[in-house]
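Asker:
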Amino acid sequence: RNPRITYPEKGIDIGECKGHVRLDRVSFSYPARSDIKTLDGLSIDIPPGKRIALVGPSGAGKSTVAALIQRFYDPTSGVVTIDGFDLATFDPQFLQRTIAVVNQEPTLFNTTIAENITFGMNNNFGGTGEAQSEPIEEAAKSANAHDFIVNLPEGYATV
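Given below as C-alpha cells:
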C-alpha cells in the first residue's frame with residue numbers, strides 16, 4: 001500500500017512559526033468516498049494568536065479541516081498554508097513539532113495525570129518531581145483543569 005501523502009525530498013523548516021494559517025479555496029473528498037465532497041471551495045484566514053470555532057452538524061467537515069491543517073491529507077484542490085508557505089512543501093518533522101491539536105475526545109495514557117500533561121509539552125519534562133510541577137500545573141490551569149485535578153484522590157499523581 002502506498003501512502004497518499006508525498007513529502008518533498010528536502011522539505012522546508014521555517015524555524016519559528018508565527019502561526020498564520022490559511023485555507024484558500026480548499027476542496028476535499030476522502031479517498032474511500034471520492035464522489036462526495038466533504039469540503040467545497042472553503043477559504044479561511046486565521047491570523048497568529050486568533051482563536052476560531054468551527055461549528056456545524058456532524059459530517060460538516062470540522063474534523064476534516066483539522067486533519068488538513070495537520071497534513072493527514074492533502075486537499076483535492078486549493079491550498080493550505082502556514083505563514084504563507086504551502087503545507088505540502090514543509091519537512092514533516094517541522095509540522096510535527098509545530099502543530100498541536102486538542103481533539104474533542106481526549107486520549108489518556110495509562111500513567112499519571114502529570115505524565116499525560118507532559119506528553120503535550122515541548123520539553124516533555126517527564127517525571128513529576130517538585131522541579132517539574134510548576135510547568136505542569138500552569139498547563140493544567142491554562143486548560144481550566146487544575147481545580148478538577150487537585151480534587152482527585154491523588155491529584156496530579158492519579159492514574
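Residue numbers are given in full-length UniProt numbering: position 113 of the sequence shown equals residue 113, and the series is strictly consecutive. Where is the CB? At the ideal position from N, CA and C, for every residue including glycine.
1. Identify every run of the beta strand (DSSP E) within the UniProt domain "AAA+ ATPase" (48–154), keeping only runs that are complete inside it and at least 3 residues long; order them along the chain.
2. Comparing C-alpha positions only, which one of SER142, ALA143, ARG97, ILE117 sits nearest to ILE14?
3. Could you say which of ASP74, PHE72, THR158 lies nearest to THR111 if we only look at CA atoms?
4. Taking its Cβ as the centre, do 16 or more other Cβ atoms sit within 10 Å of PHE90, making it buried, or is it exposed?
5. So SER27 and GLY59 are in contact, right, with Cβ under 8 angstroms, and what is the actual spacing, rounded?
6. Go ahead and label ILE69 buried or exposed: buried means 16 or more other beta carbons lie within 10 angstroms of its beta carbon, across all protein chains shown.
7. With respect to the beta strand (DSSP E) encompassing SER29, which residues constitute its N-terminal and C-terminal limits?
8. Comparing C-alpha positions only, which one of ALA139, ALA145, GLY155, ASP24 sits nearest to VAL80?
9. What does ILE12 pair with, by DSSP beta-bridge criteria?
10. GLY84 to CYS17, Cα distance in whole Å?
11. Would you list the one or two residues that DSSP bridges to ILE36?
12. In its own chain, which residues sit with a C-beta less than 8 angstroms from the C-beta of LYS62, not counting the 5 before and 5 after it?
13. Determine the DSSP secondary structure at HIS20, reduced to helix, strand or coil.
14. With DSSP as the reference, identify every bridge partner of ILE46, one or two as the case may be.
15. Quick check: what's the CA-CA separation for ILE52 versus ALA100?
Answerer: On the basis of the coordinates in this document:
1. Segments of the beta strand (DSSP E) lying fully in the UniProt domain "AAA+ ATPase" (48–154): 77–82.
2. Closest option to ILE14, Cα to Cα, is ARG97.
3. Per the Cα distances, THR158.
4. Here PHE90 is buried: its Cβ has 16 or more other Cβ atoms, across all protein chains shown, within 10 Å.
5. Contact flag wrong, Cβ pair sits at about 16 angstroms.
6. Looking at its Cβ environment, which holds 16 or more other Cβ atoms inside 10 Å, ILE69 is buried.
7. Under the DSSP assignment, SER29 falls outside any beta strand (DSSP E); it carries neither an H nor an E label.
8. Cα-wise, what sits closest to VAL80 is ASP24.
9. Paired residue(s): PHE90.
10. The alpha-carbon of GLY84 is positioned some 11 angstroms away from that of CYS17.
11. Bridge partners of ILE36: none, in fact.
12. Correct list, in chain order: LEU54, VAL55, GLY56.
13. Of the three classes helix, strand and coil, the one that applies to HIS20 here is coil, per DSSP.
14. Paired residue(s): VAL21.
15. Approximately 15 angstroms, taken between the alpha carbons.
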